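**Student:**
In the working numbering, the protein residues as written are 14 to 134.
(1) Taking all protein chains shown into account, do 16 or more other C-beta atoms lie within 10 angstroms of the C-beta of residue 46, making it buried, or fewer, making it exposed?
(2) Applying the criterion that 16 or more other CB atoms from any shown protein chain within 10 Å of the CB defines a buried residue, is residue 121 buried or exposed?
(3) Give me the Cα-Cα distance between residue 31 and residue 59, rounded to the nearest whole angstrom.
(4) Out of 132, 131 and 127, point me to the one whose CA is closest to residue 70's CA.
(5) Residues in its own chain within less than 6 Å of residue 26 by CB, not counting five upstream and five downstream?
(6) Cα separation between residue 37 and residue 133?
(7) Residue 72 and residue 43 - do their beta-carbons sit closer together than 7 Å?
(8) Please find out if some non-hydrogen atom of the ligand ZN comes closer than 6 Å to the beta-carbon of residue 128.
(9) I need the boundaries of the beta strand (DSSP E) containing residue 128, first residue and last residue.
(10) Hey, could you find the ends of the alpha helix (DSSP H) residue 33 is sitting in?
(11) What does the alpha-carbon distance come out to for the pair residue 109 and residue 131?
(12) I'd like the list of long-range same chain contacts for residue 19, defined as Cβ closer than 8 Å, with 5 residues on each side in sequence excluded.
(13) For residue 74, tell me which candidate among 28, 105, 125 and 16 has the shortest Cα-Cα distance.
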């Protein structure tokens with residue numbers, strides 16, 4: 014029935030698209046993709062990873078950051094990603110609870126929890 018994952022949507026405070034662009038595109042290296050015209054009027058911003066999967070930041074309504082549920086991003090150079098995030102002033106929280114997987118958590122500028130992981134081949 015399900016053939017794959019297309020996108021994940023997380024909350025974004027209203028009118029914070031430029032901050033989202035700076036973090037997700039500028040720091041994490043995701044590529045911003047255009048929203049369909051009718052959806053663009055609602056605010057928010059969409060990004061795409063190199064594997065085609067998308068992250069949609071949705072604005073509007075009452076904002077509450079995701080502090081438990083979260084997207085997880087694969088990073089081929091997890092140590093390099095951690096250094097880049099630390100240099101940008103982010104709080105990188107390493108977690109060793111997942112066997113054979115290096116990972117850490119970091120919050121986006123809005124308090125949404127993100128997982129960064131490196132899975133061996």
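Just so you know, even glycine gets a beta-carbon here, dropped at the ideal spot from N, CA and C.
Computed from a prediction, not measured in an experiment: that's the story for all the values here.
**Tutor:** Taking the structure as given:
(1) To locate residue 46, count along the chain shown from 1; it is residue 33. Exposed, since its Cβ has fewer than 16 Cβ neighbours within 10 Å.
(2) Counting from 1 along the chain shown, the entry for residue 121 is found at position 108. The residue in question, residue 121, is buried, as its Cβ has 16 or more Cβ neighbours within 10 Å.
(3) Here residue 31 corresponds to residue number 18 of the chain shown, with the count starting at 1. Here residue 59 corresponds to residue number 46 of the chain shown, with the count starting at 1. Distance between the alpha carbons of residue 31 and residue 59 is about 12 Å.
(4) Position 57 of the chain shown, counting from 1, holds the residue named residue 70. Here the closest residue by C-alpha is 127.
(5) As a position in the chain shown, residue 26 is number 13, starting the count at 1. 76 and 123, listed in sequence order.
(6) Numbered from its first residue, the chain shown carries residue 37 at position 24. Numbered from its first residue, the chain shown carries residue 133 at position 120. Residue 37 and residue 133: Cα-Cα distance of roughly 24 Å.
(7) As a working mapping, residue 43 is identified with position 30 in the chain shown. As a working mapping, residue 72 is identified with position 59 in the chain shown. No, they are not a contact pair.
(8) With respect to the ligand ZN, the structure shown offers nothing to examine, as it has no ligands at all.
(9) Taking the chain shown and counting its residues from 1, one reaches residue 128 at position 115. That run of the beta strand (DSSP E) goes 126-131.
(10) As a position in the chain shown, residue 33 is number 20, starting the count at 1. Counting along the chain, the alpha helix (DSSP H) containing residue 33 begins and ends at 30-33.
(11) Mapped onto the chain shown, residue 109 falls at position 96. Mapped onto the chain shown, residue 131 falls at position 118. Cα to Cα, the separation comes out at about 12 Å.
(12) By 1-based counting over the chain shown, the position of residue 19 is 6. Result list for residue 19: 66 and 67, in chain order.
(13) Position 61 of the chain shown, counting from 1, holds the residue named residue 74. When only C-alpha atoms are compared, the closest one is 28.
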